[in-house]
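In our numbering, the protein residues as written are 1 to 629.
Even glycine gets a Cβ: it sits at the ideal position worked out from N, Cα and C.
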Amino acid sequence: MKKKHFKSESKRLMDLMINSIYTHKEIFLREIISNSSDALDKLYFKSLTDTGVGLGADDFVIDIDIDKEGRTITVTDNGIGMTEDELDSNLGTIAKSGSFAFKDENSEAEDIDIIGQFGVGFYSAFMVSDKVTVESKAFGSDKAYKWESEGVDGYRIGESDKQSFGTSVKMHLKPDTDDDDYSKYLDEYTIQSLVKKYSDYIRHPIRMEMKKSVLKEGTEDEYEDVTELTVLNSRIPIWKKTKSEVTDEEYNTFYKEKFYDFEDPLKVIHSSVEGNATYKSLLFIPAHAPYNYYTKDYEKGLQLYSKGVLIMEKCADLLPDYFSFVRGLVDSEDLSLNISREMLQHDSQLKLIAKTVEKKIKNELEKMLKTEREKYEEFFKAFGIQLKFGVYNDFGMHKDDLKDLLIFVSSYEKKFTTLAEYTERLKEDDKNIYYATGETIEKIEMLPQYDAAVNKGLEVLMLTEYVDEFVIKTLMNYSGKTFVNICDEGFDVSSDEEKEEIEKANTDSADILTKMKESLGDKVSSVRFTNKLSGHPVCLTTEGAISLDMEKTLNAMPGAGDNKIKATVVLDININHPVADKIKSVYADCPDDLEKYAKLLYGEACLIAGRSIDDPVEHSKLVCEFMSR
């Protein structure tokens with residue numbers, strides 16, 4: 001055999017490629033199988049015009065052989081094969097791609113997918129091998145040749161005694177180390193799992209001898225081990241079929257097996273896109289959130305394929321965070337099989353695909369909202385909070401894209417409503433969208449302000465998730481309507497006459513209210529009479545941007561420490577409730593008791609608002625004192 005050397009730049013490229021291009025060593029098998037698939041495709045293309053080939057579409061195969069004693073893995077195909085010059089050219093020069101040249105020379109072969117177009121995948125074998133031997137016989141040639149290399153030092157080429165056309169690649173595995181277990185690749189079940197993971201949809205059968213336990217003939221309970229030639233791959237990707245060819249049951253089975261879910265998906269999105277971004281995708285919206293979805297352990301991302309060959313198990317760049325619940329895959333012919341995780345981040349084609357995938361998901365959710373309302377509400381209960389985070393995060397950059405996907409429970413029929421539906425029900429002169437926050441719907445309905453708003457004929461959105469008010473603050477307005485918290489100072493639907501009356505009442509009772517404020521210290525910014533509360537005696541109202549629920553949420557966040565956020569709180573007393581007259585009489589007859597009344601009423605207002613009382617013992621003593629009089 002003739003000894004040859006790689007060019008110096010090829011040595012550097014091989015070292016870089018083995019250590020940097022591929023993230024996981026196990027993809028070596030994917031690369032070698034993909035090369036074999038290309039060789040089969042080339043001969044299949046030739047057979048379409050050359051009857052001398054003598055092979056039908058089902059005769060092209062890839063065989064994998066494991067020799068545990070010799071520590072070798074051999075991948076063999078009956079494809080087009082290579083001449084001596086092609087072996088020297090394709091394998092002796094890194095990044096020289098015979099597949100790319102074939103594609104270029106046969107541009108009319110639009111239905112032939114050539115996977116390995118960049119000529120570096122073969123060398124991934126050296127990530128796990130200390131010696132690689134390639135034997136090949138070109139179709140129609142009388143001679144076969146052998147190419148052999150131990151890595152960057154060079155390679156040897158000579159004649160081979162291979163009888164059949166095609167190519168075999170024998171990889172001699174490296175010795176095991178403390179960091180790498182190369183022997184695992186000699187296990188047939190490991191090889192089977194790698195084929196299923198990366199090469200399941202190669203169009204040609206990938207075969208391997210596998211041991212199976214079968215019932216011994218003539219017995220009822222005795223088994224024996226037999227070796228059978230087993231096809232390891234599924235061959236036909238479900239996403240490459242048309243929608244009419246796939247049943248709902250097939251979609252559901254594929255989803256549950258591929259993504260390890262026990263429940264059918266809520267929605268299937270099957271797409272084939274051509275244009276600036278050409279790809280096929282099969283996406284699923286789960287019926288429920290995974291157990292770890294709202295934890296840091298959850299990894300978003302879609303499976304990324306190139307011509308049916310898996311490039312990445314979870315490509316996070318294909319999904320925005322607010323659609324991270326989507327499971328599925330994308331298969332594009334525009335992406336290189338040899339692309340790395342680092343290179344993907346800068347791939348313009350991937351970014352284009354991600355943009356169209358995002359648009360497709362949004363369109364399907366909007367369609368579900370309009371035509372399958374119950375299903376959408378089921379989806380929103382599981383993943384609505386993620387859409388809300390999408391509105392709030394990144395300084396509201398995506399709020400216009402997501403605002404029409406939001407739904408909230410409304411006082412109107414106690415059902416979910418969109419913001420668009422809410423505004424459609426508003427009268428022409430209404431300028432506000434009213435909302436209230438609380439731990440539950442039931443607790444919101446107990447708020448004095450809620451009663452007052454509903455009695456005025458107003459519709460109120462009931463927000464029960466901690467992110468809700470941050471979403472509202474980010475949106476600021478919708479369709480020209482301003483969001484108003486009914487527990488905020490800005491909520492006032494009184495008539496001009498009513499406003500004048502309450503203003504006069506507060507002025508006349510300024511001394512009483514000031515004394516009550518002083519007795520409460522910095523717990524409240526002021527005490528005042530109000531006419532907004534219907535039959536309730538007191539409530540807490542906030543001034544400024546921080547509500548009581550926002551205060552609670554912000555102070556519960558990690559890192560809040562001692563720098564507590566404080567809402568500006570007002571104690572409102574119902575001017576039309578008997579308690580108002582009682583306060584006035586106490587101030588006139590027993591002014592020393594006014595401080596106790598102030599603390600008692602503040603404590604009651606805190607309980608109504610779901611706010612903890614600073615000193616429950618003092619509050620209890622006050623209640624008992626007044627009860628015993």
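Residues that DSSP places opposite residue i in a beta bridge
i           : result
residue 330 : 281 and 304
residue 315 : 302
residue 133 : 148 and 170
residue 229 : 209
residue 2   : 157
residue 488 : 542
residue 548 : The partner list for residue 548 (beta bridge, DSSP) is empty, contrary to what the question assumes.
residue 528 : 572
residue 408 : 417
residue 462 : 409 and 436
residue 270 : 282
residue 310 : 305
residue 73  : 66 and 171
residue 215 : 223
residue 474 : Looking at the DSSP assignment, residue 474 forms no beta bridge with any residue, so it has no partner.
With 16 other Cβ atoms within 10 Å as the buried cut-off, status of residue i
i           : result
residue 422 : buried
residue 135 : buried
residue 84  : buried
residue 24  : exposed
residue 629 : exposed
residue 57  : exposed
residue 267 : buried
residue 438 : buried
residue 644 : Outside the shown range of the chain, which is 1 to 629, sits residue 644, and nothing can be said about it.
residue 175 : exposed
residue 627 : exposed
residue 153 : exposed
residue 229 : exposed
residue 231 : exposed
residue 77  : buried
residue 609 : buried
residue 614 : exposed
residue 342 : Confidence in residue 342 is poor, its pLDDT being 49 and thus under 50, which makes the residue's placement unreliable; the coordinate value appears in the next sentence. So residue 342 counts as exposed.
residue 207 : buried
residue 417 : buried
Candidates the options: closest to residue i by CA position
i           : options               : result
residue 335 : 310, 357, 355 and 321 : 310
residue 194 : 517, 365, 28 and 569  : 28
residue 199 : 5, 450, 623 and 36    : 36
residue 248 : 264, 349 and 192      : 264
residue 280 : 388, 333, 59 and 174  : 333
residue 289 : 206, 24, 271 and 262  : 262
residue 150 : 164, 163, 129 and 387 : 129
residue 233 : 611, 537, 203 and 617 : 203
residue 210 : 192, 544 and 250      : 192
residue 635 : 414, 375 and 322      : With the chain covering only 1 through 629, there is no way to say anything about residue 635.
residue 522 : 568, 451 and 26       : 568
residue 363 : 352, 351 and 376      : 376
residue 623 : 610, 372, 596 and 611 : 596
residue 599 : 541, 558, 515 and 610 : 515
residue 484 : 533, 450, 434 and 618 : 434
residue 576 : 384, 528 and 86       : 528
residue 2   : 92, 447 and 313       : 92
residue 424 : 143, 397, 312 and 479 : 479
Contact under 7 Å by Cβ, residue i with residue j
i           : j           : result
residue 474 : residue 399 : yes
residue 237 : residue 260 : no
residue 530 : residue 572 : yes
residue 453 : residue 486 : yes
residue 605 : residue 539 : yes
residue 186 : residue 66  : yes
residue 79  : residue 39  : yes
residue 160 : residue 146 : yes
residue 31  : residue 168 : no
residue 352 : residue 252 : no
residue 411 : residue 459 : yes
residue 455 : residue 534 : yes
is_contact[residue i, chain B] using C-beta, thresh 7 Å
i           : result
residue 330 : Note that chain B does not occur in the displayed structure, where there is just one protein chain.
> Taking contact to mean at least 3 C-beta pairs separated by less than 8 Å, is the region 321-337 in contact with the region 299-310?
Replying inline: Contact between the region 321-337 and the region 299-310 is present, with at least three C-beta pairs closer than 8 Å.
>> Closer than 8 Å is the cut-off here; do at least three beta carbon pairs connect the region 501-516 with the region 426-436?
In response: Segment contact: the region 501-516 against the region 426-436, fewer than three CB-CB distances shorter than 8 Å; contact not assigned.
> Between the region 65-74 and the region 167-186, do at least 3 Cβ pairs fall closer than 8 Å?
Replying inline: By the criterion of at least three beta-carbon pairs nearer than 8 Å, the region 65-74 is in contact with the region 167-186.
>> With three or more beta-carbon pairs closer than 8 Å as the criterion, would you say the region 457-475 touches the region 532-551?
In response: Output reads yes: the region 532-551 touches the region 457-475.
>> Quick check: the region 369-382 against the region 401-421, are at least 3 beta-carbon pairs closer than 8 Å?
In response: For the pair of segments examined, the region 401-421 was found to touch the region 369-382: the number of CB pairs separated by less than 8 Å reaches three.
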